[in-house]
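**Q** The structure under discussion is supplied below as structure tokens; questions concerning it will follow.
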Amino acid sequence: MRYARDVAIVAFAQTAHRRSSQDVSETEMLLPVLREVLDRAGLAPGEPGFTCSGSSDYLAGRPFSFTMTLDGVGAWPPVAESHVEMDGAWALHEAWVELLTGAADTALVYAYGKSSAGDLGAVLTRQLDPYYTAPLWPGPVDLAALQAQALIDAGETDEQALADIAARSRTAARANPHARLRGPVPMGDHVAGPLRTGDCPPVSDGAAALVLAAGDTARRMCERPAWIRGMDHRTDPQGLGLRDLTDAPSARLAAEHAGAFDAPVDTAEIHAPFTAQEVILRKALRLGDDVSVNPSGGALAADPVMATGLIRFGEAAVRVHRGESDRALAHATSGPCLQQNLVGVLEGESR
Amino acid sequence: MSEILTAPLVVEFPFTRSLGPVQSAFLTGLRERVVLGVRTTDGRVLVPPVEYDPRTADEIRELVEVGATGTVTTWAWNPAPRPRQPLATPFAWVLVTLDGADTALLHALDAPGPDAVRTGMRVRVRWAAERTGAITDIACFEPHESGGAGPATPHTGVFADPVTGITTPARLDYTYAPGRAQSRHLAALARHTTIGERCPACRRVYVPPRGACPTCGVATGEQVEVGPRGTVTTYCVVNIKARNAAIDVPYVYAHIALDGADLALHGRIAGIPCDQVRMGLRVEPVWTEGARHPDHYRPTGEPDAAYDTYKELL
Ligand SMILES: [Zn+2]
Numbered sequence: 000m001r002y003a004r005d006v007a008i009v010a011f012a013q014t015a016h017r018r019s020s021q022d023v024s025e026t027e028m029l030l031p032v033l034r035e036v037l038d039r040a041g042l043a044p045g046e047p048g049f050t051c052s053g054s055s056d057y058l059a060g061r062p063f064s065f066t067m068t069l070d071g072v073g074a075w076p077p078v079a080e081s082h083v084e085m086d087g088a089w090a091l092h093e094a095w096v097e098l099l100t101g102a103a104d105t106a107l108v109y110a111y112g113k114s115s116a117g118d119l120g121a122v123l124t125r126q127l128d129p130y131y132t133a134p135l136w137p138g139p140v141d142l143a144a145l146q147a148q149a150l151i152d153a154g155e156t157d158e159q160a161l162a163d164i165a166a167r168s169r170t171a172a173r174a175n176p177h178a179r180l181r182g183p184v185p186m187g188d189h190v191a192g193p194l195r196t197g198d199c200p201p202v203s204d205g206a207a208a209l210v211l212a213a214g215d216t217a218r219r220m221c222e223r224p225a226w227i228r229g230m231d232h233r234t235d236p237q238g239l240g241l242r243d244l245t246d247a248p249s250a251r252l253a254a255e256h257a258g259a260f261d262a263p264v265d266t267a268e269i270h271a272p273f274t275a276q277e278v279i280l281r282k283a284l285r286l287g288d289d290v291s292v293n294p295s296g297g298a299l300a301a302d303p304v305m306a307t308g309l310i311r312f313g314e315a316a317v318r319v320h321r322g323e324s325d326r327a328l329a330h331a332t333s334g335p336c337l338q339q340n341l342v343g344v345l346e347g348e349s350r
Numbered sequence: 000m001s002e003i004l005t006a007p008l009v010v011e012f013p014f015t016r017s018l019g020p021v022q023s024a025f026l027t028g029l030r031e032r033v034v035l036g037v038r039t040t041d042g043r044v045l046v047p048p049v050e051y052d053p054r055t056a057d058e059i060r061e062l063v064e065v066g067a068t069g070t071v072t073t074w075a076w077n078p079a080p081r082p083r084q085p086l087a088t089p090f091a092w093v094l095v096t097l098d099g100a101d102t103a104l105l106h107a108l109d110a111p112g113p114d115a116v117r118t119g120m121r122v123r124v125r126w127a128a129e130r131t132g133a134i135t136d137i138a139c140f141e142p143h144e145s146g147g148a149g150p151a152t153p154h155t156g157v158f159a160d161p162v163t164g165i166t167t168p169a170r171l172d173y174t175y176a177p178g179r180a181q182s183r184h185l186a187a188l189a190r191h192t193t194i195g196e197r198c199p200a201c202r203r204v205y206v207p208p209r210g211a212c213p214t215c216g217v218a219t220g221e222q223v224e225v226g227p228r229g230t231v232t233t234y235c236v237v238n239i240k241a242r243n244a245a246i247d248v249p250y251v252y253a254h255i256a257l258d259g260a261d262l263a264l265h266g267r268i269a270g271i272p273c274d275q276v277r278m279g280l281r282v283e284p285v286w287t288e289g290a291r292h293p294d295h296y297r298p299t300g301e302p303d304a305a306y307d308t309y310k311e312l313l
């Protein structure tokens with residue numbers, strides 16, 4: 000698919016993700032990241048043509064909590080701004096569309112989550128179907144464990160293979176100064192069998208931001224922009240019992256519409272908070288052994304909820320910027336058991 | 000650097016939700032110990048039933064009764080149940096395809112341990128003693144060896160006194176942490192002083208400080224003591240008592256620009272009849288013992304401030 004304009008990720012920044020950031024407000028956590036990403040792009044606060052953020056009031060426990068962090072972007076006098084109550088990857092999609100329309104040439108996208116404010120296991124039950132599922136209060140690990148067991152029953156993985164995914168991810172994170180878990184950790188006991196502590200993401204507070212720019216503006220801001228060749232998001236049915244939990248059809252469909260299957264990718268940053276979900280996503284996104292999957296360590300190394308998906312795009316983009324990747328896939332998920340999926344394809348121009 | 004404050008924050012919300020005709024029949028059925036599903040246009044039976052076919056988006060209304068026995072399609076052992084989950088003792092989360100259904104229902108399985116659970120095992124519904132028309136009318140599933148109960152049978156979905164809505168109470172517990180700037184501000188208030196923070200770029204002083212200048216998008220770090228006196232920039236007379244408010248009406252609620260601040264804060268004005276409060280009135284805070292905020296502001300007796308001195312702060 001050809002788009003009206005070429006749009007690229009030109010800069011990315013993230014916090015050093017931590018278990019708890021109670022010493023700072025969300026705005027205070029976000030400010031250094033915003034400053035860093037704008038500096039990299041050569042933009043002043045308030046200068047981006049569009050601003051879009053992703054966060055959740057349920058994490059903060061306060062309504063309209065995102066309005067506070069607007070202080071950090073220089074939002075007065077008023078800027079063109081939007082917010083998604085989702086992972087920042089969906090804010091990125093909105094900003095990308097905004098730039099494609101020609102309404103702006105640059106966009107600031109940011110996301111943050113302070114999981115430490117509440118009990119993440121309880122908070123995430125509130126995103127479930129309110130009639131049949133949420134009244135039972137199943138947590139995210141419980142539901143991911145149902146998915147992992149289905150995958151084991153189908154003969155597609157086993158506990159050892161899952162432990163290998165955990166170890167590989169966290170070993171890769173040794174090279175990632177922002178990760179919470181930098182190196183393998185013991186697999187530990189079952190949190191919800193068959194998933195052990197090591198199969199689960201570390202609860203993290205953190206923030207991330209990136210800058211999008213169109214055409215020549217992007218070339219001015221970045222030596223090797225990560226051009227967005229396509230992006231799409233899809234969803235599977237809400238009822239868990241309506242789905243084949245060993246597959247992620249919406250991820251496959253999003254990848255297809257993003258053009259991910261048109262040519263091979265060399266790198267993939269995929270948003271798989273639980274080890275078993277990497278197995279499913281590798282299959283759905285057709286990632287072979289020749290693809291470098293989650294060189295950052297992925298969500299298993301740091302999981303600042305609401306920013307984790309956006310970070311996949313940032314991590315993929317910086318590899319393109321550095322010339323380590325020519326064509327990368329970035330993926331974000333939302334909801335239980337990979338219910339919603341967003342896929343983008345990033346490319347660097349040939350050197 | 001002063002201590003970082005935290006405080007418990009409890010958010011409770013009793014959502015009241017109306018039900019569509021299919022959901023109403025299903026949940027009323029549970030109250031009557033009958034499990035209903037809905038048949039899609041391509042003949043599959045969905046349990047729990049939905050109002051629209053997720054594949055075709057067809058409106059689906061053909062109700063059928065399925066068995067209270069079924070087969071586990073996947074499971075997860077929950078060694079440490081959390082508050083409000085179906086069972087207080089360790090249990091298995093299960094997806095169960097009930098006999099006659101083509102899709103699975105999420106619930107809990109009461110089993111002695113993970114060794115007693117496997118995919119493919121047969122189970123049956125254990126009904127709650129008290130049923131109201133909710134998914135929790137199924138207390139849980141329990142192991143039960145039995146053959147299949149046969150195909151789904153047509154059902155009108157009609158019951159006496161149908162359930163048309165549900166109330167789903169929810170409670171989430173947080174620890175609120177206001178961060179550096181607000182912690183410093185609150186700590187100063189405890190000493191009966193008010194501090195703002197100055198923007199290093201535009202030099203404006205924000206009270207209460209939130210850690211960033213919304214105009215410049217930069218961190219504010221320099222603390223500045225402001226007040227205690229200030230000027231009423233605008234106000235209103237409140238004549239309707241808010242629920243649970245301890246203050247008698249009428250009273251005056253005002254924006255007050257403390258001396259040295261570039262942002263007005265909110266406060267109550269007392270010690271002067273409501274109809275004599277005016278823009279430009281000079282006021283000072285009145286503290287009560289042990290309070291973290293001024294109780295109210297009262298006139299200082301100074302001449303009113305000139306409009307030009309506060310017009311930018313309106
Ligand atoms: Zn300023």
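Note that the protein sequences, when read in sequence, are chains E and S.
In this text, residue positions in the first sequence follow numbering that gives the first Met the number 0: the first is 0, and each later residue adds one.
In this text, residue positions in the second sequence follow numbering that gives the first Met the number 0: the first is 0, and each later residue adds one.
For glycine and all other residues, C-beta sits at the position ideal for the given N, C-alpha and C.
Would you kindly work out how many angstroms separate the C-alpha atoms of residue 343 of chain E and residue 309 of chain E, rounded to a whole number?
**A** Working through the first sequence from its first residue, we reach residue 343 of chain E at position 344. Working through the first sequence from its first residue, we reach residue 309 of chain E at position 310. Residue 343 of chain E and residue 309 of chain E: Cα-Cα distance of roughly 11 Å.
**Q** Any residues whose CB sits closer than 6 Å to a heavy atom of ligand 1? List them in chain order?
**A** Those satisfying the condition are, in chain order, S:198, S:200, S:201, S:203, S:212, S:214, S:215.
**Q** Name, please, each residue of chain E whose Cβ falls closer than 8 Å to the Cβ of residue 172 of chain S.
**A** Indexing the second sequence from 1 puts residue 172 of chain S at position 173. Ordered by position in chain E, the residues that pass the 8 Å Cβ test against residue 172 of chain S are 117, 118, 121.
**Q** Starting from the N-terminal side, write out each stretch of the beta strand (DSSP E) that is 3 residues or longer and does not extend beyond the segment 106–173 of chain S.
**A** 121–126, 137–142, all fully within the segment 106–173 of chain S.
**Q** So, residue 195 of chain E versus residue 187 of chain E, is the Cβ gap smaller than 8 Å?
**A** Taking the first sequence and counting its residues from 1, one reaches residue 195 of chain E at position 196. Taking the first sequence and counting its residues from 1, one reaches residue 187 of chain E at position 188. Cβ distance < 8 Å, so residue 195 of chain E and residue 187 of chain E count as in contact.
**Q** Given that residue 3 of chain S touches chain E, what residues does it touch there, using C-beta distances under 9 Å?
**A** In the second sequence, residue 3 of chain S corresponds to position 4, counting from 1. By Cβ distance, chain E contributes 21, 22, 23.
**Q** Compare the C-beta of residue 254 of chain E with all C-beta atoms of chain S and state if any pair is closer than 8 Å.
**A** Locating residue 254 of chain E in the first sequence gives position 255, where the first residue counts as 1. Not one chain S Cβ lies under 8 Å of residue 254 of chain E.
**Q** DSSP on residue 63 of chain E, reduced to helix/strand/coil?
**A** The residue labelled residue 63 of chain E in the question sits at position 64 within the first sequence. Residue 63 of chain E falls in the coil class under three-state DSSP.
**Q** Which residue spans inside the segment 202–284 of chain E form an unbroken alpha helix (DSSP H) run of at least 4?
**A** For the segment 202–284 of chain E, whole alpha helix (DSSP H) runs of length 4 or above, ordered along the chain, are 214–220, 248–257, 274–283.
**Q** What does a CB cutoff of less than 6 Å around residue 21 of chain S pick up in its chain, not counting 5 residues either side in sequence?
**A** Residue mapping note: residue 21 of chain S aligns to position 22 of the second sequence, counting from 1. Closer than 6 Å at the Cβ level, and outside the excluded window around residue 21 of chain S, lie 37, 48, 50.
**Q** Please name the residue in S:272, S:8, S:240, S:273 whose C-alpha comes closest to that of residue 59 of chain E.
**A** Against the first sequence, residue 59 of chain E aligns to sequence position 60. Among S:272, S:8, S:240, S:273, the Cα nearest to that of residue 59 of chain E is on S:8.
**Q** Confirm, please, whether the CB-CB distance from residue 182 of chain S to residue 4 of chain S is below 8 Å.
**A** Residue numbering aside, residue 4 of chain S sits at position 5 when the second sequence is read from its first letter. Residue numbering aside, residue 182 of chain S sits at position 183 when the second sequence is read from its first letter. Going by C-beta atoms, residue 4 of chain S is nearer than 8 Å to residue 182 of chain S.
**Q** Could you check how far apart the C-beta atoms of residue 133 of chain S and residue 116 of chain S are, in whole angstroms? I think they sit under 8 Å.
**A** Counting from 1 along the second sequence, the entry for residue 133 of chain S is found at position 134. Counting from 1 along the second sequence, the entry for residue 116 of chain S is found at position 117. Rounded, the Cβ-Cβ distance is 25 Å, inconsistent with contact.
**Q** At a cut of 8 Å, does the segment 64–79 of chain E reach the segment 311–330 of chain E through at least three beta carbon pairs?
**A** The answer is no - the segment 311–330 of chain E does not touch the segment 64–79 of chain E, with fewer than three Cβ pairs under 8 Å.
**Q** Under a Cβ-count criterion, where at least 16 other Cβ atoms within 10 Å of its own Cβ denotes burial, should residue 28 of chain S be classed as buried or exposed?
**A** Along the second sequence, one-based indexing puts residue 28 of chain S at 29. Looking at its Cβ environment, which holds 16 or more other Cβ atoms inside 10 Å, residue 28 of chain S is buried.
**Q** Using CA atoms only, rank isn't needed, just tell me which of S:135, S:196, S:58, S:311 is closest to residue 207 of chain S.
**A** Locating residue 207 of chain S in the second sequence gives position 208, where the first residue counts as 1. If we check each option's Cα against that of residue 207 of chain S, S:196 comes out closest.
**Q** Taking the C-alpha atoms as reference points, what is the distance between residue 98 of chain S and residue 285 of chain E?
**A** For the purposes of this step, residue 98 of chain S is taken as residue 99 along the second sequence, with counting starting at 1. For the purposes of this step, residue 285 of chain E is taken as residue 286 along the first sequence, with counting starting at 1. Going by the C-alpha atoms only, they are around 36 Å apart.
**Q** From residue 85 of chain E to residue 228 of chain E, what does the alpha carbon distance come to, in whole angstroms?
**A** Translated into positions along the first sequence, residue 85 of chain E becomes position 86. Translated into positions along the first sequence, residue 228 of chain E becomes position 229. Answer to the nearest angstrom: the Cα atoms are 23 Å apart.
**Q** What distance in whole Å lies between the Cβ atoms of residue 211 of chain S and residue 30 of chain E, which are believed to be in contact at a cut-off of 8 Å?
**A** Stepping through the first sequence from its first residue, residue 30 of chain E is reached at position 31. Stepping through the second sequence from its first residue, residue 211 of chain S is reached at position 212. The pair is a contact, with the Cβ atoms about 6 Å apart (cut-off 8 Å).
**Q** What number of angstroms, rounded off, separates the C-alpha of residue 45 of chain E from the C-alpha of residue 176 of chain S?
**A** Taking the first sequence and counting its residues from 1, the one referred to as residue 45 of chain E is at position 46. Taking the second sequence and counting its residues from 1, the one referred to as residue 176 of chain S is at position 177. Taking the straight line joining both Cα atoms gives about 27 Å.
**Q** Is residue 215 of chain S close to chain E, meaning its C-beta is less than 8 Å from at least one C-beta of that chain?
**A** Here the question's residue 215 of chain S lines up with position 216 in the second sequence. Answer yes: the Cβ-Cβ gap between residue 215 of chain S and chain E drops below 8 Å somewhere.
**Q** Any beta carbon from chain E within less than 8 Å of residue 314 of chain S's own beta carbon?
**A** Because residue 314 of chain S is not part of the residues shown, which for chain S are 0 to 313, the question remains open.
**Q** Report the three-state DSSP secondary structure of residue 164 of chain E (helix, strand or coil).
**A** Here residue 164 of chain E is taken as the residue at index 165 of the first sequence, counted from 1. In the structure shown, residue 164 of chain E sits in a helix (DSSP, three-state: H, G or I).
**Q** Please say whether residue 269 of chain E and residue 247 of chain E have beta carbons closer to each other than 8 Å?
**A** As a first step, residue 247 of chain E must be located in the first sequence, where it is residue number 248. As a first step, residue 269 of chain E must be located in the first sequence, where it is residue number 270. No. Outside cutoff.
**Q** Short of 6 Å in beta carbon distance, which residues of its chain neighbour residue 166 of chain S, apart from the five on each side in sequence? Order them along the chain.
**A** By one-based count along the second sequence, residue 166 of chain S stands at place 167. These residues qualify, in order along the chain: 13, 15.
**Q** Strictly by DSSP, which residues pair up with residue 104 of chain S?
**A** Position 105 of the second sequence, counted from the start, is the residue given in the question as residue 104 of chain S. Answer is S:95, bridged to residue 104 of chain S.
**Q** I'd like to know if residue 39 of chain S contacts chain E, where contact means its C-beta is closer than 8 Å to some C-beta of that chain.
**A** Translated into positions along the second sequence, residue 39 of chain S becomes position 40. By this cut-off, residue 39 of chain S is not an interface position.
**Q** Taking the alpha carbon of residue 100 of chain S as the reference point, which residue from S:150, S:57, S:250 has its own alpha carbon closest?
**A** Numbered from its first residue, the second sequence carries residue 100 of chain S at position 101. When only C-alpha atoms are compared, the closest one is S:150.
**Q** How is residue 341 of chain E classed by DSSP in three states: helix, strand or coil?
**A** Within the first sequence, the letter at position 342 stands for residue 341 of chain E. In this structure, residue 341 of chain E counts as strand in the three-state DSSP scheme.
**Q** Identify the contact partners of residue 70 of chain E in chain S, using a Cβ-Cβ distance below 8 Å as the criterion.
**A** As a working mapping, residue 70 of chain E is identified with position 71 in the first sequence. Within chain S, the residues near residue 70 of chain E are 209, 210, 211, 212, 213, 216.
**Q** Quick one: give me the first and last residue of the alpha helix (DSSP H) that residue 139 of chain E is part of.
**A** Numbered from 1 along the first sequence, position 140 holds the residue referred to as residue 139 of chain E. Start and end: 139–152.
**Q** In its own chain, which residues sit with a C-beta less than 6 Å from the C-beta of residue 90 of chain E, not counting the 5 before and 5 after it?
**A** Stepping through the first sequence from its first residue, residue 90 of chain E is reached at position 91. 51, 52, 53, 83, 108, listed in sequence order.
**Q** In this structure, how does DSSP classify residue 240 of chain S when only helix, strand and coil are distinguished?
**A** In the second sequence, counting from the first residue as 1, residue 240 of chain S sits at position 241. Coil at residue 240 of chain S, not helix or strand.
**Q** Grouping DSSP H, G and I as helix and E and B as strand, with all else coil, what is residue 82 of chain E?
**A** Within the first sequence, numbered from 1, the residue matching residue 82 of chain E stands at position 83. Reduced to three states, the DSSP call for residue 82 of chain E is strand.
**Q** Hey, does residue 188 of chain S have any beta-carbon neighbour from chain E nearer than 8 Å?
**A** Counting from 1 along the second sequence, the entry for residue 188 of chain S is found at position 189. No - not a single Cβ of chain E is within 8 Å of the one on residue 188 of chain S.
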